[in-house]
Each structure stands twice: as C-alpha cells, then as structure tokens.
Amino acid sequence: MTTKTLFGSIIAGALFLGVGSAFAQDKPAQPAQTQPATDAKHEKKQDKNAKHSDKHAEKKAETAKVGESAPEFKLKDTDGKDVNLADYKGKVVVLEWFNPDCPFIIKHHQKNNTFNDLYTKYNAKGVVFLAINSGAEGKQGAGAERSAKAKTEYKMQYPILMDGNGKVGQMYGAKTTPHCFVIGKDGKLLYQGAIDDDKSPETPGKTNYVAKALDEILAGSTVSTPETKSYGCPVKY
Amino acid sequence: MIAHTSLVAFCVALTNVVSTPVNFAPPDGSKLVTMTLISEGSQLVPGSTAMLGMHFAMSPKWHIYWNGLSDAGFPPSIEIVVPPGFELGEPQWPAPVRHLGEGDVLDHVYEKEATVLVPLKVPASAKPGDSVRLTAASKWLVCDDACVPGEGKSEITLKVGEKAEASASAAKFAAARLRLPKALPTDGSVKTQVVGGVFTATAAQATVRFFPASDCVALKDLPKNGESTTGRLQIAIAGEATPKDRVQGILEIAAEKQESRFYSVDLPAGEPKK
Chain A
1 MTTKTLFGSI IAGALFLGVG SAFAQDKPAQ PAQTQPATDA KHEKKQDKNA KHSDKHAEKK
61 AETAKVGESA PEFKLKDTDG KDVNLADYKG KVVVLEWFNP DCPFIIKHHQ KNNTFNDLYT
121 KYNAKGVVFL AINSGAEGKQ GAGAERSAKA KTEYKMQYPI LMDGNGKVGQ MYGAKTTPHC
181 FVIGKDGKLL YQGAIDDDKS PETPGKTNYV AKALDEILAG STVSTPETKS YGCPVKY
Chain B
1001 MIAHTSLVAF CVALTNVVST PVNFAPPDGS KLVTMTLISE GSQLVPGSTA MLGMHFAMSP
1061 KWHIYWNGLS DAGFPPSIEI VVPPGFELGE PQWPAPVRHL GEGDVLDHVY EKEATVLVPL
1121 KVPASAKPGD SVRLTAASKW LVCDDACVPG EGKSEITLKV GEKAEASASA AKFAAARLRL
1181 PKALPTDGSV KTQVVGGVFT ATAAQATVRF FPASDCVALK DLPKNGESTT GRLQIAIAGE
1241 ATPKDRVQGI LEIAAEKQES RFYSVDLPAG EPKK
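From first to last, the protein sequence lines are chains A and B. My numbering numbers the first residue of the first sequence as 1 and each following residue consecutively. My numbering numbers the first residue of the second sequence as 1001 and each following residue consecutively.
This is the structure:
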C-alpha cells in the first residue's frame, strides 16, 4: 500500500509539473546516444521520487515514434560485447523486448518457436534481430547471467542486450515483453507493437504482425499495420 | 516489499559468493489467487435471474487484470458450465484500480479481491427440490514484480426452490456492485464531453479517473492524463477519430470522505455531424 500511495503522489506531482509538456511526445523524436547500462546500481540508490520524474522527463523528450528516426543506442550483450544500433544502418532491424521468465516470452520462445522461426526465415534475407532485456536488477528475469542461460535454453541465435537501467526501453516506450519494433534500412521506425494477434499466454496468433511488416518492407511497400497494441508482461523496469 | 527486496538481495549476494546463475523458482500462480464460484441467493428460483459470482482472492501485493485496457497482462477467463435450460448472461466487471509501474507501464487491475458477476437465467421448468451443480474455471495472469500464469476451478451445488434468501456470500456481491458503473447522474454534477478531439470529464472537488474499455479509441498518455486531482480530467484522442470510434470506459469520481462513484462513459470520439 505504501508503494501505491507513493505512486499516487508521484502522479499528482507529475500532473502539476508536467502540464506544460502535456504533448511533448508529439514532437519529433530526437535520435539519442545513451550510455551502456553500467550505472544501474548507482541509479537504484537515488530517491525513488526523483528517479521517476527524471525518467518521465527523459521519456517525453525521446520516445520513439513510427515514421521517425529510431532512437540510437549502444548496449552490451550477454558476453559484455558492445552492440551499437548505428552499426546496422542499411539493414532492417527487429527489436524484441525480452524477459526470459515472462509467460509470454516462454510462449513464443519455449512453448512455440515464434521468434526462432521468424529469425530463421528473415535473417536469411538480411534482417538483424536484437533482444533487449530492460529488467532492473533483482526483478524477474533480469540480468546478463539469466539472459545468457535463457539464450541457450531457448536456442536463440541473436544477441540479448542488457538495458538494466531501462533507458533504452523507456526511449522506445517499450511496455511489455515481448514488445516488438521494426526499423527500416534508413533507420526509421516502421512498426511497433505486438508480435501477433493472440494475447493468450499459450497459442500463437494467426497474424504475425512482425512477419507481415518485414514482408512488406522487403517487398519495398509501405507497412500496412504500422502500430498495434503490444501484449505481455509489463517490462520490469 | 521490504521482506521481498531483502530476500532478493540475500539471494543475489549468495549467488555472487557461489558464482552460479540467478535462477529463482517462480511462485505458483495457481496458489497466489483463489477463485471461488459463489451465488448471491441461497436457492435458484424457477423463471428468475439469479446472480452468480466468480470471486478472486489475491495474495497480498499481487494483482490480476481488469477486462478493459491495460498496457500489459490479460483478464482472467470467465468460464461457467451450467445444465441444459440454464442460461448465462454477460459478465459484469467491477471497476479496477490504476497500477502505474516504472517506465509508465499503466495497468488497470484488481488487488486483494474482486468479484465478477454473472447473471444466470433459471428455466421456469426447473423443479423445486432438485439440485443444480454449477462449475467454474478460470485462467489468469497474476503479477507483482514478477508475472506468473495460474488457473483454478470451483463448483457449487444449489437447490431449486420457491424462494431465495441472501446467501453467506451476499456481501461480496454488494461490494462488487459498489464498483459497477452506473448511468451518469442527470443533475449535472458529473459532465463528460468530446470536443475538438479531447475527452473531458468534470466533477467538482473530486479526483477523476478514467479506465478505458478494451474497445475505447486510442487516448494520449494515459499514465499522466488518466487521473486528475483537479476535478477536471482532459484526455486527447490519439490520431484522427473515425465516425465509428467511441470513448468507452468507466469514470471514477473520488470525492474526499466519500465512497468512489463509478459511471459508464460511451461517447462518439469524432465531432458530431453538423
């Protein structure tokens, strides 16, 4: 209950402070370079209230928007290797928000091979796949060790990037695991939303929105469904 | 929370020492929530509509999802099996509470307990004295910091009788009804409108909250705009509304020292035709 009351006052505070920037998210998203998630620990020690408003302000300035440049980022993978989105300019990139212990990730990575099948089919056509784990330290499925183990368990052939301070997740407005983003060869965000149209934690959907968007992008056409509502577990920021 | 955090910290510390991967055994989602099928009346009266309820009791700090809009999760399934001749009505979901997580993940959830009401039409041909067995099943997602799936089953046997008294569970129905949305008051104390692509709801000296139904038109920045402490809630509609789009959901008016009141909102999202 304390947490809830605290959130309540944060919301109330944000309402008073944030009136002027109510529609700041409508401004074009600025490509932004973020630091690798090295200071997550430090940030955790900060006052929770301040931390939340900081994040709020940050998000307002940089939230990714379909049709605009996808925010740039540099994160470490589970082996500690830097992965820079800018290095993939000229390629189509799929981002998958990931939490290995979320029932919806289990649905698509273990109960079904949704993402592995997608990877096999589209990587052959030059599409890059990156999973991002924005789970904060100590939360369900967070951290490089758990992710590395899951990568083996789920036989994933693409890197899982560590975003422990949640900055990249918030920049993209990633709400759920999975939450998918497709970036075009020119670096523009072309799709954001759900992997498919079945919100249950068991059955894969009839329409895979990411596959549909990739087919259209690779055929040189416009993405017909550029946005859907993602579903899954909340990202454990 | 404190206990949980320190347990996690302890486990992390322990893991660092023995240098093995962190791997928590996930809690059992079927044990974190107890679903019970309940009846408002003590008996089923032939030719009447009885009220059943699926009562969900959550472990402290855990929540399940409302059937309207949330960023994450999904509502518990409502599955009740009734004998031939009996007919179930549409489930009635009580208003949820806002759950705003880090990263502006906004969910509309039930904490502690919630009862989803389900009307049951009893056939006129039902014979007094007969026993009727009703079974319910549900699958849910239950979350606190973690999210885990769970499921449960429950059954109840009721007698058909000429008269029904309040059952032992009647209070749960009364509590749920306090949170069921009603028609907006006609005295003008609560006003709602959509003008110029903005949904506005006003009620003097109250906190106003809006919980969008799953079919509601897309609204802008609900984590911030879905609740107002000024008595005036304003939410812009995202994009261009089509004539079919509607602002649908539940409005909560929470005045100080009063029980919250809940109203149904169903307005065209576009401009009225001139």
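Idealized CB from N, CA, C, for every residue including glycine. Just so it is clear, the structure is predicted and the values come from calculations on it, not from any experiment.
Original post:
Should Y172(A) and F129(A) be called a contact, given that it needs their Cβ atoms to be closer than 9 Å?
Top reply: no
Original post:
With respect to the alpha helix (DSSP H) encompassing I1237(B), which residues constitute its N-terminal and C-terminal limits?
Top reply: Premise fails: I1237(B) is in no alpha helix (DSSP H) and is neither H nor E.
Original post:
Distance, Cα to Cα, I217(A) vs L1037(B)?
Top reply: 50 Å
Subject >> Spatially closest choice to L1178(B) from L1158(B), L1117(B), Q1234(B) and A1236(B), by CA coordinates >> reply: L1117(B)
Original post:
Should E1102(B) be flagged as near chain A, meaning a C-beta pair shorter than 9 Å?
Top reply: yes
Subject >> Three-state secondary structure (DSSP) of K1149(B) >> reply: Reading off the sequence, residue 1149(B) comes out as Pro, not Lys. In the structure shown, P1149(B) sits in a strand (DSSP, three-state: E or B).
Subject >> Positions along the stretch 99 to 116 of chain A whose CB lies within less than 8 Å of some CB in chain B >> reply: D101, C102 and P103
**OP:** Could you name the residues of chain B that V235(A) contacts, counting a contact when the two beta carbons are closer than 7 Å?
**Re:** G1103 and V1105
Subject >> C-beta neighbour in chain A for C1216(B), strict 9 Å >> reply: no
**OP:** Return yes when the Cβ of L161(A) is within less than 9 Å of the Cβ of L214(A), no when it is not.
**Re:** no
Original post:
Excluding sequence positions up to five away, which residues of its chain have a Cβ less than 6 Å from the Cβ of D1261(B)?
Top reply: The residue you asked about is not Asp; residue 1261(B) is Arg in the sequence shown. Hits under 6 Å: I1253.
**OP:** Below 9 Å between beta carbons is the criterion; list the residues of the stretch 1157 to 1171 of chain B that meet it against any residue of chain A, in chain order.
**Re:** none
Subject >> Segment limits, alpha helix (DSSP H) that includes R1133(B) >> reply: Counting along the chain, R1133(B) falls outside any alpha helix (DSSP H), though it belongs to the beta strand (DSSP E) covering S1131 to C1143.
**OP:** Have a look at G220(A), S200(A), Q192(A) and N208(A) and flag the residue whose alpha-carbon is nearest the alpha-carbon of E68(A).
**Re:** Q192(A)
Original post:
Considering G170(A), what are the terminal residues of the alpha helix (DSSP H) in which it resides?
Top reply: Looking at the sequence itself, residue 170(A) is Gln, so the reference to Gly does not match. First-last of the alpha helix (DSSP H) with Q170(A): K167 to Y172.
Subject >> Residue ranges of each beta strand (DSSP E) within the stretch 1074 to 1117 of chain B, 3 or longer >> reply: 1079 to 1081, 1097 to 1101 and 1105 to 1111
**OP:** Let me know the secondary structure DSSP gives F16(A) once reduced to three states.
**Re:** Its pLDDT being 38, under 50, F16(A) is placed unreliably in this model, and the value from its coordinates should be taken loosely. Three-state result, F16(A): helix.
**OP:** Output yes or no for whether 9 Å exceeds the beta carbon distance between T1202(B) and R1246(B).
**Re:** no
Original post:
L1141(B) versus chain A: which residues are under 9 Å apart at the beta carbon?
Top reply: P103, F104, P201 and C233
**OP:** Could you tell me whether the stretch 1151 to 1161 of chain B touches the stretch 1108 to 1115 of chain B, using the rule of 3 or more Cβ pairs below 8 Å?
**Re:** no
Subject >> Residue from V1109(B), S1131(B) and N1067(B) with nearest C-alpha to V1082(B) >> reply: S1131(B)
Original post:
Which residues, taken in chain order from the stretch 156 to 182 of chain A, show a beta carbon closer than 7 Å to some beta carbon of chain B?
Top reply: G166, G169, Q170, K175 and T176
Original post:
What three-state label does DSSP hand A40(A) in the structure shown?
Top reply: The pLDDT assigned to A40(A) is 39, lower than 50, so where the model puts this residue is not dependable; a value taken from the coordinates is nonetheless given after this. Residue state, collapsed to three classes: helix.
**OP:** Measure from the C-beta of T225(A) to each C-beta in chain B and report whether the shortest distance is under 9 Å.
**Re:** no
Subject >> Three-state class that DSSP yields for A144(A) in the structure shown >> reply: helix
Subject >> Extent of the continuous beta strand (DSSP E) run through N84(A) >> reply: D82 to N84
Original post:
E1259(B) and F1173(B): beta carbons closer than 9 Å?
Top reply: no
Original post:
What is the residue span of the beta strand (DSSP E) that A1176(B) lies within?
Top reply: Where A1176(B) is concerned, there is no enclosing beta strand (DSSP E), although the alpha helix (DSSP H) it sits in stretches over A1170 to L1178.
Original post:
Which of the three DSSP states, helix, strand or coil, is assigned to H109(A)?
Top reply: helix
Original post:
If you count every other CB in all the chains shown that lies within 10 Å of the CB of R1133(B), and 16 or more means buried, which is it?
Top reply: exposed
Original post:
Given that K139(A) touches chain B, what residues does it touch there, using C-beta distances under 8 Å?
Top reply: D1145 and A1146
Original post:
Which value, in whole angstroms, describes the spacing of the CA atoms of P1060(B) and Y88(A)?
Top reply: 46 Å
Original post:
Going by other Cβ atoms of all chains shown within 10 Å of its Cβ, with 16 needed for buried, is D1187(B) buried or exposed?
Top reply: exposed
Subject >> For G90(A) and K185(A), the rounded distance between their alpha carbons >> reply: 4 Å
**OP:** Identify which residue in T1135(B), F1056(B), L1158(B) and D1107(B) has its Cα closest to the Cα of P1128(B).
**Re:** L1158(B)
Subject >> Span of the alpha helix (DSSP H), counted from its first residue to its last, around G1029(B) >> reply: G1029 to L1032
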